[in-house]
Amino acid sequence: MKNKSALDIWSIAAALMGTALIIGIIVFVGLQLQRMEAQADRLYQSGVIVELELDGLKTELLALESVMRAASADPNGPVEAAGIEYTRDEVEYLQKELENYKDMIQVKRDTLTSVELSKKSLFMDVQILFWASLVFLLVGVVAAVLGYLSWFHKLRIFRDRRQGPRVDDLDVFREKSG
């Protein structure tokens, strides 16, 4: 009887370990999904903000380029563009600003590229989490099912092979039929 008690301990351990693994994976996945959701919100929000800033910079760049085209058409006198008159000093200042806007647009494009790479990385993290949790969930289900079956139905899944094969299983079937 001592041997059957030892086998029951392994069955109980497998059943409880499998159940704990299932519960642990569900809690872990839930926490990770909440973290990833917050990260995704930040990424998409920053992506939208960068795109809006980029659109605004492009609009301002077009306005500055129209002033520069008007200035190149009349190199000596005051420049008029979109109903506004600019002096030569203002045109030179706007020329420097034009270069700054081009640099800022390039920085925003690089930032947008970085945000897109972060989105792809987050998607990969979700896929890794899915497949890893699926594997551990399956291991937990198999361990729990085999443990509970062995424990409650006295199936000897974890047999002691020193006594010979399936001796305990034959005893269980003889008890039920008699």
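Just so you know, this note's numbering puts 99 at position 99 of the sequence shown, and the rest follows in order with no gaps.
Beta carbons: idealized from backbone N, C-alpha and C, even for Gly.
Range covered by the beta strand (DSSP E) that runs through residue i
i	result
ALA132	First-last for ALA132: 88-152, but that is the alpha helix (DSSP H), not the beta strand (DSSP E).
ALA81	79-81
Other residues of its chain near residue i: CB distance less than 6 angstroms, five sequence neighbours each side excluded
i	result
LEU129	GLN32
GLY18	GLY140, ALA143, ALA144 and GLY147
SER118	LEU43
ALA71	VAL79 and VAL91
Given residue i as reference, the closest of the options once Cα atoms are compared
i	options	result
SER121	MET36, PRO78 and ALA14	MET36
LEU112	GLY47, LEU64 and GLY30	GLY47
LYS58	ARG109, SER150 and TRP131	ARG109
VAL115	ALA73, ASP89, THR87 and GLN45	GLN45
SER133	ILE22, ILE12 and SER11	ILE22
Cβ shell of residue i (< 8 angstroms), same chain only, five flanking positions each side left out
i	result
LEU61	LEU98, TYR101, LYS102 and ILE105
SER66	ALA81 and ALA82
VAL29	LEU129 and SER133
Contacts around residue i, its chain only, beta-carbon distance under 7 angstroms, and the 5 residues preceding and following it disregarded
i	result
VAL126	MET36
GLN95	MET68
GLY8	In the sequence as presented, Gly is not what sits at residue 8; that position holds Asp. Taken in chain order, the residues that qualify are TRP151.
Exposed unless 16 or more other CB atoms sit within 10 angstroms - verdict on residue i
i	result
LEU52	exposed
VAL135	exposed
ALA14	buried
VAL50	buried
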